[in-house]
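Asks:
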Amino acid sequence: MTTFGGRSIRRRDFMAASALGTAAVAAGSWPAAATAAEPGTGAAQALAAHSLAKDLPPYVGAGSTAPVRPFRLNEVALGKGLFQEKRDRVKAFIRAYDERRFLVLFNKVAGRPNPPGIEVPGGWEDGGLLSGHWAGHYLTALAQSHVDQGEQVYKDKLDRMVSELGACQDALKGKTVHPGYLGALPEDTVLRAGPPRFAVYGSDPDTNTWASWYTQHKIMRGLLDAYTLTGNEQAFEIVRTMADWAHLALTLGDIEHPDYKGPVTRDDLNYLWDTYIAGEYGGANEVLAEIHALTGDARHLETARLFDSRESLFEACVENRDILVTTDENRPGRRRPNHLHANTHVPNFIGYLRVFEQNRDDDYRRAAENFFGMVVPHRMFAHGGTSGTVPGSNTNPEAFQNRDNIAHAIAGDGAESCTTYNLLKLARNLFTLDPDPAYMDYYERGLVNMVLGQRADTDRTDDPQLAYFQPLTPGAAREYDNTGTCCGGSGLEGGTKYQETVYFRSADDKTLWVNLYVPSTLRWQDRDFTVTQTTGFPREQRSTLKIEGRGRLALKLRVPGWVADTKDGFAVSVNGRRRTGPRPKPGSYLTIDRDWRPGDTVEVSMPFTVRIERAIDRPEVQSVFWGPLLMPVLGEVAKGEFQELTLYRHLKRDGNYARSAITPRRGQTLAVGDRTLRPHYVGDRQPQSAYFKRVEPEVVFGSIATGVPNRKRDDNLPDYDVPVEGVTSPGDDGLTFLDVVWDGAPFAEHRDFVRRVERTADQWAAAGLFTKEQRATVVEHAAAAERELTP
């Protein structure tokens, strides 16, 4: 958020301040848009996509040199189910959209004519200072849509765009400060961000800038994807030339400016990358590192490293110092805000990992690992998102909140969809270097809740129908539209590659990871294996994998962190025979190492249970999960209030909330009394509450009331109600007596429950929270509640 004339303007509203206009450019001779076609449905198209592999350049993306490696997107085909339904809606918009609209501003800058009646997309793509970024998002989405099922309409659109962009780049030869520039805005909008002007974020087309290097990244990413995913050679020539231009722009700089003082220094770059929004560069380092992997040109890797934010953030993350939020007195860097803008910085660390894979400088890996750990779980909301407003501390819902600030940061908007999209990319990349199942637990959380929930469940194609924010304020509703915004663009990308993380392999091809239970078919050509996964997940609670192939292979099945730690919590059968042996622990991988034969099947059962997750900073603020699915409570809520639920009186000794406290209904809805809960992935505009307030005023055991207050202990949790920027102090928002008791469930026998009550009552009495008489009363009533608590 920024301020003009005393008025605050968010990035998503910044389009209104644009001064460059929206009119289409003069008419000219130009081919018509690629015609739309019906979406492909048959296996033949998927097989055609897979046949592309022999014509593609080598894979140089995330994990290409890591111990654990992804499969190429064209090696995994999505099957029928919820993911396909969401994907097909995203692809329908991409198919229907006139790609010529993206090129209007590129042609204007290059002095080329446009066809009559073709207008710019609008939104942030209206000629304002972020114009051009959506062309890159759209190119990536076209490439992924084509690879998905081999549908030619997407390739035709992509090839047409690449050809026109190449013509624009050619038309700019001799007209720019450095050769090779390509953009929807003049080159000066990028150069002015650096020395000597160091332009700031604003709306003046002559003096301000708006994340110009971010836009360059998106265009370059789209072109590189056009090459690596579909084999378009011209796209690679264009993006390689752009990379050469970027090297000159970041080393020589704005050489024609009258105040030019010499080549760009590291100090200049630190100052630039610390600048709010104007210094936002997305993952430009990511794409440049990948170009280096293809060209071997040392300049390209050097350019990737020029994006290091060395003054305030990079070194702190290497040292694991959390400075995502600072105070005026402790703020590092000369230009950075106290609360860092989340989606400005998450993609930087994706790029650092790509640099690490090229140069093996471990600082880049450590920085990314530590940064991720600062966000997850310390700034993670229930659906996997991050960032939000904080009363008295932060008014920008796109900025990181204080560490361990969850319940106090769910006011207003917050949780940008594109931030979560990039956090998932970061988790995925980290997993390739260290296959910790916690990364995939987070990935699944963000995927089945926020990524699926970003797309509206409508067949409209007049706009993307994607959500910018996915707010958690009680009673909030999502808004779906977002042509031209960052979240609209990343939503097109995320919605056309749901299958990319389902399977990974070891570098020696001896191990196959099944990370996600998503209907899909893997065609592993190097091993001559085909794995078909049939499941309705997350609408179903089981999956079947059919193996077609022969030979030794260690199959690693992810045991989600949310499954019950019981003998039936995660059950596996091979060829109809149930697996025996030690029970797999939630949040791990179960390995089946054997000689496989064609037709072998693996059946996985993972029954969903109702879980309650507490906010880190206020344990009484909670969310309901059904397996991996966040289940918000439907209905409007008065401003500043929460839905309130009382649940402990319904629990039996097994601690199973689904028995009577929160009960399953038809489909995937749950009920608490007359309240309905349903998955967050449902895409409509109904008001809902992802968080509710747990109200348990009295110690009760079933219907037996003790008359003793269910007091909280002081857990020294941070108190973010203090209206001082960056200040934290001990609070009294700890766990209640019943919280601690029931955290020990399930209890095999009633005597086990009574022992837990006794131990906890002793702790409460020692802390002065129970009198001697209250302790005795609680223990006595617990002992008498055996019938009440028997399942």
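Numbering (the numbering used here), first residue to last: 57 to 847.
Ideal Cβ positions, reconstructed from N, Cα and C, are used throughout, including at glycine.
Looking at C-alpha atoms only, which residue of LYS213, MET506, ASP537, GLY335 is the closest neighbour of ARG516?
Replies: Checking every option, the nearest Cα to that of ARG516 belongs to ASP537.
Asks: May I have a chain-ordered list of the alpha helix (DSSP H) segments no shorter than 4 residues that lie completely inside the stretch 783-836?
Replies: Counting only runs of 4 or more, we get 793-798, 806-822.
Asks: Between TYR332, VAL295, ARG598, which lies nearest to SER365 when the distance is taken from Cα to Cα?
Replies: If we check each option's Cα against that of SER365, TYR332 comes out closest.
Asks: Can you give the Cα-Cα distance for SER268 and PRO252, rounded to whole angstroms?
Replies: Roughly 16 Å between the two C-alpha positions.
Asks: Could you name each continuous beta strand (DSSP E) segment of 3 residues or more that falls completely within the stretch 611-676, going from the start of the chain to the end?
Replies: Here the runs fully enclosed are 627-630, 644-652, 656-661, 666-670.
Asks: Measuring alpha carbon to alpha carbon, tell me which of GLN225, THR284, VAL132 ends up nearest VAL570.
Replies: Here the closest residue by C-alpha is VAL132.
Asks: Are LEU241 and LEU185 closer than 8 Å when you measure CB to CB?
Replies: Taking 8 Å as the Cβ cut-off, LEU241 and LEU185 qualify as a contacting pair.
Asks: Excluding the 5 residues flanking ALA197 on each side, which residues of the same chain have their C-beta closer than 7 Å to its C-beta?
Replies: Only ILE150, LEU548, GLU549, THR552 meet the Cβ criterion.
Asks: Just how far apart, CA to CA, sit GLY509 and LEU138?
Replies: Approximately 11 Å, taken between the alpha carbons.
Asks: Using 8 Å as the threshold, is the C-beta distance between TRP180 and GLY540 below it?
Replies: For TRP180 and GLY540, yes; Cβs fall inside 8 Å.
Asks: In angstroms, rounded to a whole number, what distance separates the CA positions of VAL615 and SER368?
Replies: When rounded, the distance between both Cα atoms is 38 Å.
Asks: I need the DSSP call for GLN589, collapsed to helix, strand or coil.
Replies: Strand.
Asks: In chain order, what residues of the same chain have a beta carbon less than 8 Å from the beta carbon of VAL116, not counting five sequence neighbours either side?
Replies: For VAL116, where only same-chain residues beyond five positions count, the Cβ hits under 8 Å are THR284, GLU346, ALA349, LEU350.
Asks: Which of the three DSSP states is assigned to TRP266 in this structure?
Replies: The answer is coil: DSSP assigns TRP266 none of H, G, I, E or B.
Asks: Verify whether the separation of the beta carbon atoms of MET687 and LEU733 is less than 8 Å.
Replies: It is a contact, given that the beta carbons lie within the stated cut-off.
Asks: Buried or exposed: THR591, going by 16 or more other Cβ atoms within 10 Å of its Cβ?
Replies: Burial call: buried.
Asks: From which residue to which residue does the alpha helix (DSSP H) around VAL570 run?
Replies: No alpha helix (DSSP H) contains VAL570, which is instead part of the beta strand (DSSP E) from 567-570.
Asks: What does PRO765 pair with, by DSSP beta-bridge criteria?
Replies: In the DSSP output, where bridge partners are listed per residue, PRO765 has GLU754.
Asks: Can you give the beta carbon distance from TRP682 to VAL666, rounded, assuming they're within the 8 Å contact cut?
Replies: Rounded, the Cβ-Cβ distance is 6 Å, consistent with contact.
Asks: For GLY84, which of helix, strand or coil comes out of DSSP?
Replies: Any reading at GLY84 needs caution, since the residue's pLDDT is 35, under 50, leaving its predicted position unreliable; the model's value is listed next. Correct three-state label for GLY84: coil.
Asks: Is it the case that the Cβ atoms of TYR524 and SER473 are separated by a distance below 8 Å?
Replies: Yes, the pair counts as a contact, with Cβ atoms nearer than the cut-off.
Asks: Spatial neighbours of ARG157 within its chain, please: CB distance less than 7 Å, with the 5 preceding and 5 following residues excluded, ordered by chain position.
Replies: Excluding sequence neighbours, ARG157 sits near ILE174, GLU175, VAL176, PRO177.
Asks: What's the gap between the Cα of VAL835 and the Cα of PHE748?
Replies: Those two C-alpha atoms are separated by around 29 Å.
Asks: Measure the Cβ-Cβ separation of ILE294 and GLY192 and say whether it is below 8 Å.
Replies: No, the pair does not count as a contact, with Cβ atoms beyond the cut-off.
Asks: What are the complete alpha helix (DSSP H) segments, minimum 4 residues, inside the stretch 372-433?
Replies: Segments of the alpha helix (DSSP H) lying fully in the stretch 372-433: 398-415, 418-431.
Asks: Run the CB neighbour count on LYS410, radius 10 Å, all protein chains shown included, and call it buried at 16 or more, exposed below.
Replies: The amino acid at residue 410 is misidentified as Lys; the sequence shows Arg. Result: buried.
Asks: Classify PRO433: buried if its beta carbon has 16 or more other beta carbons within 10 angstroms, exposed otherwise.
Replies: PRO433 should be labelled exposed.
Asks: I need the DSSP call for GLN744, collapsed to helix, strand or coil.
Replies: Looking at GLN744 - three-state DSSP - the assignment turns out to be strand.
Asks: Would you check if there are 3 or more beta carbon pairs closer than 8 Å linking the stretch 796-810 to the stretch 706-715?
Replies: Touching, yes.
Asks: Taking the beta carbon of LYS164 as the centre, do at least 16 other beta carbons fall within 10 Å, making it buried, or is it exposed?
Replies: LYS164 comes out buried.
Asks: Can you tell which of ARG322, ARG812, LYS231, GLY545 has the C-alpha that lies nearest to the C-alpha of GLU312?
Replies: Here the closest residue by C-alpha is LYS231.
Asks: In terms of residue numbering, what span does the beta strand (DSSP E) encompassing GLU849 cover?
Replies: An answer regarding residue 849 cannot be provided, because it is not within the stretch 57 to 847 covered by the chain.
Asks: Within 10 Å of its beta-carbon, does GLY607 have 16 or more other beta-carbons around it, so buried, or fewer, so exposed?
Replies: With fewer than 16 Cβ atoms within 10 Å of its Cβ, GLY607 is classed as exposed.
Asks: Looking at THR567 and GLU659, is the spacing between their C-beta atoms short of 8 Å?
Replies: No.
Asks: For VAL299, which option in PRO319, GLY335, TRP266, TYR237 has the closest C-alpha, if you only look at C-alpha atoms?
Replies: The amino acid at residue 299 is misidentified as Val; the sequence shows Ala. The shortest C-alpha separation from ALA299 is found at TYR237.
Asks: In three-state terms, what does DSSP make of GLU181?
Replies: Three-state DSSP puts GLU181 in a strand.
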